[in-house]
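Asker: Before I ask anything, let me first share the structure, which is written out below as structure tokens.
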Amino acid sequence: MEKENKILEAIKVAFNVEGHIAREKRVMITANKDIVSSILLFCKNQQGYIHLNHMSVVDRIEDGKFELNYIIWSPTEKVTIMLKTFIDRENAEMENIDSIWDQANTYEREMREMYGIQFPGLIGRQDFALEDWDEMPPMRRDFDTHAYAEKTFYQRPGREDAKDVREELTKQSGEVIPDFAKKYSRE
Amino acid sequence: MTSNNKDKQTIVEYIQNWSRKHSLFVMAYGTGCGAIEIPATMTSRYDAERFGIRGAATPRQADVLLITGYLATKTLKRVIRVYEQMQDPKYVIGFGSCTINGGMYYDSYNTINALDRYIPVDVYINGCMPRPEAVISGFVQLQKQIAEGTANNAAKYKENLEWYRANQKKIIKNWRMPDYNW
Numbered sequence: 000m001e002k003e004n005k006i007l008e009a010i011k012v013a014f015n016v017e018g019h020i021a022r023e024k025r026v027m028i029t030a031n032k033d034i035v036s037s038i039l040l041f042c043k044n045q046q047g048y049i050h051l052n053h054m055s056v057v058d059r060i061e062d063g064k065f066e067l068n069y070i071i072w073s074p075t076e077k078v079t080i081m082l083k084t085f086i087d088r089e090n091a092e093m094e095n096i097d098s099i100w101d102q103a104n105t106y107e108r109e110m111r112e113m114y115g116i117q118f119p120g121l122i123g124r125q126d127f128a129l130e131d132w133d134e135m136p137p138m139r140r141d142f143d144t145h146a147y148a149e150k151t152f153y154q155r156p157g158r159e160d161a162k163d164v165r166e167e168l169t170k171q172s173g174e175v176i177p178d179f180a181k182k183y184s185r186e
Numbered sequence: 000m001t002s003n004n005k006d007k008q009t010i011v012e013y014i015q016n017w018s019r020k021h022s023l024f025v026m027a028y029g030t031g032c033g034a035i036e037i038p039a040t041m042t043s044r045y046d047a048e049r050f051g052i053r054g055a056a057t058p059r060q061a062d063v064l065l066i067t068g069y070l071a072t073k074t075l076k077r078v079i080r081v082y083e084q085m086q087d088p089k090y091v092i093g094f095g096s097c098t099i100n101g102g103m104y105y106d107s108y109n110t111i112n113a114l115d116r117y118i119p120v121d122v123y124i125n126g127c128m129p130r131p132e133a134v135i136s137g138f139v140q141l142q143k144q145i146a147e148g149t150a151n152n153a154a155k156y157k158e159n160l161e162w163y164r165a166n167q168k169k170i171i172k173n174w175r176m177p178d179y180n181w
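Protein chains in written order, with numbering that gives the first Met the number 0: chain C, 0 to 186; chain F, 0 to 181.
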């Protein structure tokens, strides 16, 4: 765990952030959104974490937050850093990091389209995968995809008698469907 | 009704239909996951070419448009363009549950649920996925319809163009499509 401790301590000393080692070769860090790009630059330029593996969003609708994850990797140390930050769900805005890694542009455009997160200064077409989309960004959890499909597409009769697989299974196993998931049940 | 229709055919129509049904050129255009069944249908084990079914590279040379599986709203635009570029006679086969009623994507925000609202469908093949036997069986159904002279959905499309256009424009909001004169 030497390499992991080394990078974790270096980031902790430089930025005063929280973090822990999840397991071998994996360091988790949670940081404020203002210093995310500084941490990424620090890791890239001074610690050799030159590879951006992935950027992703989790919709934490219960907390009113979006969780953004930046996963970076060092080909020399063979250690992955997962940098996590939370931004407000209302008027979501995050710093654009495509000047650090060019490929971040693609991820950011997808986040902008699917979750409505704005990245000031992001250059690229507004459309990413969808065409002429004028509703709420579809991957947000408060977007009701079933209601939208019923409103937009023709529903052929005959689906009504189809049983909800999950409810049939819970009848057999005695498991209880949690409240937040009941919305998606048929009854 | 079918036998009556067959009797009404003139000898020229009979020969026309006979030759049409034995050379179905399928547009090489896979829209969803179902396209993976086409290589299996075409290659040596099931060998669809013994029914005269083979691939065509461009819409203008194709007779059959296979809609293989789920159809995204974005793809629907391209499918309509491909269908309208095809020359008569042309037939559409809806392939898999997704084209019939949405299948497992019935509540998805970007896949259509019933294909025959947007383009006329001659034969539906159900299944998720339909195996190559089912695909060939669907083609044989289409061949029967062609032989009987009842596979004339392309003419219906021209007659009911307003209805189809209204449905299509409900999905494709920003309509920037060329008009093809068939």
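Beta carbons are placed, not taken as given, at the ideal position from N, Cα and C, and that holds for glycine.
Treat the numbers as computed from the prediction; the structure is a model and nothing was measured.
With DSSP run on the structure shown, which of helix, strand or coil describes Val139(F)?
Answerer: Helix, per DSSP.
Asker: Strictly by DSSP, which residues pair up with His50(C)?
Answerer: The partner list for His50(C) (beta bridge, DSSP) reads Trp72(C).
Asker: For Asp121(F), would you say it is in contact with chain C, using Cβ-to-Cβ distances shorter than 8 Å as the test?
Answerer: So no, Asp121(F) is outside the interface.
Asker: Measuring only between beta-carbons, confirm whether Val127(C) sits less than 8 Å from chain F.
Answerer: Correcting the residue identity first, residue 127(C) is Phe in this sequence and not Val. No, its Cβ sits nowhere closer than 8 Å to a Cβ of chain F.
Asker: Determine, for Ile176(C), whether the minimum Cβ-Cβ distance to residues of chain F falls below 8 Å.
Answerer: Not one chain F Cβ lies under 8 Å of Ile176(C).
Asker: To the nearest angstrom, how far is the alpha carbon of Ala61(F) from that of Ile86(C)?
Answerer: Rounded to whole angstroms, Ala61(F) to Ile86(C) spans 52 Å at the Cα level.
Asker: CA-CA distance, Asn112(F) and Tyr123(F)?
Answerer: In a straight line, the C-alpha of Asn112(F) is about 14 Å away from that of Tyr123(F).
Asker: Measure the C-alpha to C-alpha separation of Trp72(C) and Leu82(C) and round it to an integer number of angstroms.
Answerer: For Trp72(C) and Leu82(C), the distance between alpha carbons rounds to 11 Å.
Asker: Are the C-beta of Tyr105(F) and some C-beta of chain C separated by less than 8 Å?
Answerer: Yes - at least one Cβ of chain C is within 8 Å of the one on Tyr105(F).
Asker: What residues of chain F sit near Arg155(C), judged by a beta carbon separation below 8 Å?
Answerer: Going along chain F in sequence order, the residues near Arg155(C) (Cβ under 8 Å) are Ile99, Asn100, Gly101, Asn112, Ala113.
Asker: Measuring alpha carbon to alpha carbon, tell me which residue in Glu76(C), Ile28(C), Arg140(C) is nearest Val57(C).
Answerer: It is Arg140(C).
Asker: Please report the distance separating the alpha-carbon of Glu167(C) from that of Ile171(F).
Answerer: Approximately 37 Å between the Cα atoms of the pair.
Asker: Roughly how many angstroms separate the alpha carbons of Lys7(F) and Gly126(F), rounded to a whole number?
Answerer: Distance between the alpha carbons of Lys7(F) and Gly126(F): 35 Å.
Asker: Identify the contact partners of Tyr108(F) in chain C, using a Cβ-Cβ distance below 7 Å as the criterion.
Answerer: The contacting residues are Pro137, Thr144, Tyr147, Ala148.
Asker: Going by DSSP, which residues form a beta bridge with Gln117(C)?
Answerer: For Gln117(C), which the question treats as bridged, DSSP gives the partners Glu92(C).
Asker: Compare the C-beta of Arg116(F) with all C-beta atoms of chain C and state if any pair is closer than 8 Å.
Answerer: Chain C contact via Cβ: present.
Asker: Can you tell me whether Asp106(F) is helix, strand or coil according to DSSP?
Answerer: Looking at Asp106(F) - three-state DSSP - the assignment turns out to be coil, as it is neither helix nor strand.
Asker: Please check the pair Ile66(F) and Leu114(F), which I expect to be a contact at CB under 8 Å, by giving their CB distance rounded to whole angstroms.
Answerer: Ile66(F) to Leu114(F), Cβ: 6 Å. Contact.
Asker: Applying the 10 Å Cβ sphere with the 16-neighbour rule, what's the burial state of Asn188(C)?
Answerer: The shown model of chain C, from 0 to 186, leaves out residue 188(C), and the question about it has no answer.
Asker: Find the residues of chain F that neighbour Arg158(C), judging by a C-beta separation of less than 7 Å, and give them in chain order.
Answerer: The contacting residues are Asn100, Tyr105.
Asker: Go ahead and pull the three-state DSSP assignment for Phe41(C).
Answerer: Phe41(C) falls in the helix class under three-state DSSP.
Asker: What span of residues does the beta strand (DSSP E) with Phe94(F) cover, start to end?
Answerer: Note, Phe94(F): beta strand (DSSP E), 90-94.
Asker: How many Å lie between Ile122(C) and Ala71(F) at the Cα?
Answerer: Distance between the alpha carbons of Ile122(C) and Ala71(F) is about 27 Å.
Asker: By Cβ distance below 8 Å, which residues in the same chain neighbour Glu23(C) in space, the five residues on each side in sequence not counted?
Answerer: Once the five neighbours on either side are set aside, the close Cβ partners of Glu23(C) are Met0, Glu3.
Asker: Would you say Tyr114(C) lies against chain F (beta-carbon separation less than 8 Å)?
Answerer: Taking Cβ atoms only, chain F never reaches closer than 8 Å to Tyr114(C), which makes this a no.
Asker: Between Ala128(C), Gln46(C), Lys11(C), Asp101(C), which has its C-alpha nearest Asn31(C)'s C-alpha?
Answerer: Per the Cα distances, Lys11(C).
Asker: In its own chain, which residues sit with a C-beta less than 6 Å from the C-beta of Asp87(F), not counting the 5 before and 5 after it?
Answerer: So the qualifying residues of the chain are Ala153.
Asker: Please look up how many angstroms separate the CB atoms of Gln117(C) and Arg111(C), rounded, as I've assumed it's under 8 Å.
Answerer: So it is a contact: roughly 7 Å between Cβ atoms.
Asker: Please name the residue or residues paired with Tyr123(F) in a DSSP beta bridge.
Answerer: For Tyr123(F), which the question treats as bridged, DSSP gives the partners Gly93(F).
Asker: Would you say the beta carbon of Glu161(F) comes nearer than 7 Å to a heavy atom of the ligand GDP?
Answerer: This structure lacks the ligand GDP, and indeed carries no ligand of any kind.
Asker: With distance defined between alpha-carbon atoms, name the residue in Thr105(C), Tyr69(C), Pro119(C), Pro74(C) nearest to Tyr48(C).
Answerer: Among Thr105(C), Tyr69(C), Pro119(C), Pro74(C), the Cα nearest to that of Tyr48(C) is on Pro74(C).
Asker: Is it true that the CB of Ile6(C) sits closer than 8 Å to the CB of Ile70(C)?
Answerer: No, the Cβ-Cβ distance between Ile70(C) and Ile6(C) is not below 8 Å.
Asker: So if DSSP puts Asp101(C) in a beta bridge, which residue, or which two residues, is it bridged to?
Answerer: Asp101(C) is not bridged to any residue.
Asker: So, is Arg116(F) buried or exposed, given that buried needs 16 or more other C-beta atoms within 10 angstroms?
Answerer: Flag for Arg116(F) reads buried.
Asker: Give the residues of chain C in contact with Lys168(F), contact being defined as C-beta atoms less than 7 Å apart.
Answerer: By Cβ distance, chain C contributes nothing, its closest Cβ being about 11 Å from Lys168(F), past 7 Å.
Asker: Looking at the structure shown, is Glu161(F) part of a helix, part of a strand, or coil, going by DSSP?
Answerer: Three-state DSSP puts Glu161(F) in a helix.
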